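Just so you know, my numbering puts 249 at position 257 of the sequence shown, and the rest follows in order with no gaps.
Below: one structure, written as C-alpha cells.
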Amino acid sequence: MQSFKLKGVIPPVPTIVDQTGAFDPKGMAALLEREVAAGIHGLLILGSGGEFCHMNTAMRKEVAEFCVRQVAGRIPVLIGIGASATAEVIELGRHAQSCGADAVLVVNPYYATLSQRALIQHYKTVAAAVDLPILLYNFPALTGQELTVDLVQELALACPNIVGIKDTVDTMSHTRALVTEVKGARPDFLVFSGFDEYMLDTLLIGGDGGIPATANFAPEVTLGIYDAIEAGDFTKMRAHARRLARLMPIYGLDQPFFGLVKEAIRLTGSDLSTAVLAPSLPPSAENKHRLVTVLRGAGVLPSA
-7 MQSFKLKGVI PPVPTIVDQT GAFDPKGMAA LLEREVAAGI HGLLILGSGG
43 EFCHMNTAMR KEVAEFCVRQ VAGRIPVLIG IGASATAEVI ELGRHAQSCG
93 ADAVLVVNPY YATLSQRALI QHYKTVAAAV DLPILLYNFP ALTGQELTVD
143 LVQELALACP NIVGIKDTVD TMSHTRALVT EVKGARPDFL VFSGFDEYML
193 DTLLIGGDGG IPATANFAPE VTLGIYDAIE AGDFTKMRAH ARRLARLMPI
243 YGLDQPFFGL VKEAIRLTGS DLSTAVLAPS LPPSAENKHR LVTVLRGAGV
293 LPSA
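This is how it looks when you write it as C-alpha cells:
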C-alpha cells in the first residue's frame, strides 16, 4: 500500500440524533458542512465522541455511509470501526471500504483483557481482511488495556496498511516513544494526539497532528496551533495554546462529555439537535452554565 498522507487537525465528529435517538441526516449534513468550511484537514466519524459505543451495527453503517457521501471526497474521512469481536471489526471495515472511506480507526477490543499475542493477532487479521489504511486507537482509560510501544512497532513493521495511531493517553512519554521509536523505524507512520492539550507537544517532537473534539466548535484554536507551528510563529503558537488550555475543563464537566460538545456546537452558531444516545444523559442546567463560563474564558463566546 502506498504511503497514506494525513496530517493536521481532524475532529472526532459528533453524531447528530433526534430526541428519539434516530439519526438526523439534515443536522449531520449541516455539521459536516460547518466542519469542511472551517478548513480542518480531515474528519473522524464514529470515534468515541461520535457515540459509536451506544449504536447497533445498522446505525453505525447508516452514519458511515451518509457522512462519506456528504463529504464527497473534499477532505479525508476516517471511520471508527472498533468493536470487541474481530469478526465485527472486519464487517465494519469492509463496509467502510465499500462506501468510500479514506481510512479506518480501530480501537483495541474492550471488556476482555487480551494477551499481547491475541492483540497482535486481532490487528493482523483485521489488516489482512480490510483493504484500507488503518490507524490504531490507543485509549487505555476506556478499553482497560494499553497498546504498548513494542506492540505498535511490531504491527507497523508487519502490516503496511497499519499506517498510524491515535494516542489518547494522559502522558506525553508514551506518545514521545511512538514518535521516536515507531516513526524512527518506519518514518511514514502517523502519530496523532488524542487529547487536545497534547497536540502541540506531539507536533513539536515530530508527530503529525491531533484529533481534538474542541475543533468541532472552536476550530480556530487547534488550527491556529497547527498553522503557527508550520509558520514558525511562536507568539501565535503560545496564544492559541493558552486558549486551548482554558477549554480543557470541558472534558471534566460531565461523563461522558458527548452532550457538552454538542451544546458547545449549538452555542457557537449551529442550531442542531443536542440529543445524546442512551445510556448517556443530556447535560444538566448547571453543567450547561459551567460550559458557557469555560467558552467565555477561552474567548470562544463573547463575555456577558
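Built from N, CA and C at the ideal position, the CB exists for glycine as well.
Given the structure is predicted, the values throughout are model-derived calculations rather than measurements.
Item, Value
"In this structure, does DSSP put Tyr103 in helix, strand or coil?", "coil"
"Are the Cβ atoms of Thr78 and Val118 separated by less than 8 angstroms?", "yes"
"Can you tell me which of Gly202, Pro179, Leu170 and Val213 puts its alpha carbon nearest to the alpha carbon of Leu139?", "Leu170"
"If contact is defined by three or more beta carbon pairs under 8 angstroms, each pair taking one atom from either stretch, is the segment 230 to 238 in contact with the segment 211 to 221?", "yes"
"Can you tell me the Cβ-Cβ gap for Leu380 and Tyr115, rounded? I've got them flagged as a contact below 8 angstroms.", "With the chain covering only -7 through 296, there is no way to say anything about residue 380."
"Per DSSP, which residues does Asp159 bridge with? Please list them.", "Asn130 and Ser185"
"Does the Cβ-Cβ distance between Asp200 and Val213 come in under 8 angstroms?", "no"
"Write down the C-beta distance between Val69 and Ala93 rounded to the nearest angstrom, noting that I regard them as a contact closer than 8 angstroms.", "6 angstroms"
"According to the neighbour-count rule (16 or more other Cβ atoms, all chains shown, within 10 Å of its Cβ), is Ser107 buried or exposed?", "exposed"
"Rounded to whole angstroms, what is the Cα-Cα separation between Met164 and Glu43?", "26 angstroms"
"When the Cα atoms are used, what is the spatial distance from Gly244 to Leu252?", "10 angstroms"
"Going by alpha carbons, who is nearest to Arg288 out of Leu23, Met240 and Gly65?", "Met240"
"Could you tell me whether the segment 223 to 230 touches the segment 19 to 38, using the rule of 3 or more Cβ pairs below 8 angstroms?", "no"
"Report yes if the C-beta distance between Glu255 and Thr266 is below 8 angstroms; otherwise report no.", "yes"
"If you drop the 5 nearest sequence neighbours on each side, which residues of the same chain put their C-beta closer than 7 angstroms to that of Leu111?", "Asn100 and Leu143"
"Starting from Leu70, trace the beta strand (DSSP E) in both directions and tell me its first and last residue.", "Val69 to Gly72"
"Here's a check: name, in chain order, each residue in its chain whose Cβ is nearer than 6 angstroms to the Cβ of Ser295, leaving out the five neighbours to either side.", "Arg288"
"Alpha carbons only, please: which of Leu196, Ala207 and Ala231 is nearest the one belonging to Ile221?", "Leu196"
"Based on Cα-Cα distance, which residue from Arg52, Tyr190 and Gly31 lies nearest to Ile37?", "Arg52"
"With DSSP as the reference, please indicate the residues paired to Ile37 in a beta bridge.", "Val5 and Ile71"
"Go to Asn279, then tell me how far its alpha helix (DSSP H) extends in each direction, as first and last residue.", "Ala277 to Gly289"
"Using a 10 Å radius around the Cβ and a threshold of 16 neighbouring Cβ atoms, would you call His87 buried or exposed?", "buried"
"How is Gly92 classed by DSSP in three states: helix, strand or coil?", "coil"
"Cutting at 7 angstroms between CB atoms, please list the residues of its own chain near Gly136, excluding the five before and the five after it.", "Tyr102 and Thr105"
"Compute the Euclidean distance between the alpha carbons of Pro132 and His166, then round it to the nearest angstrom.", "12 angstroms"
"Please state the DSSP three-state secondary structure of Ile203.", "coil"
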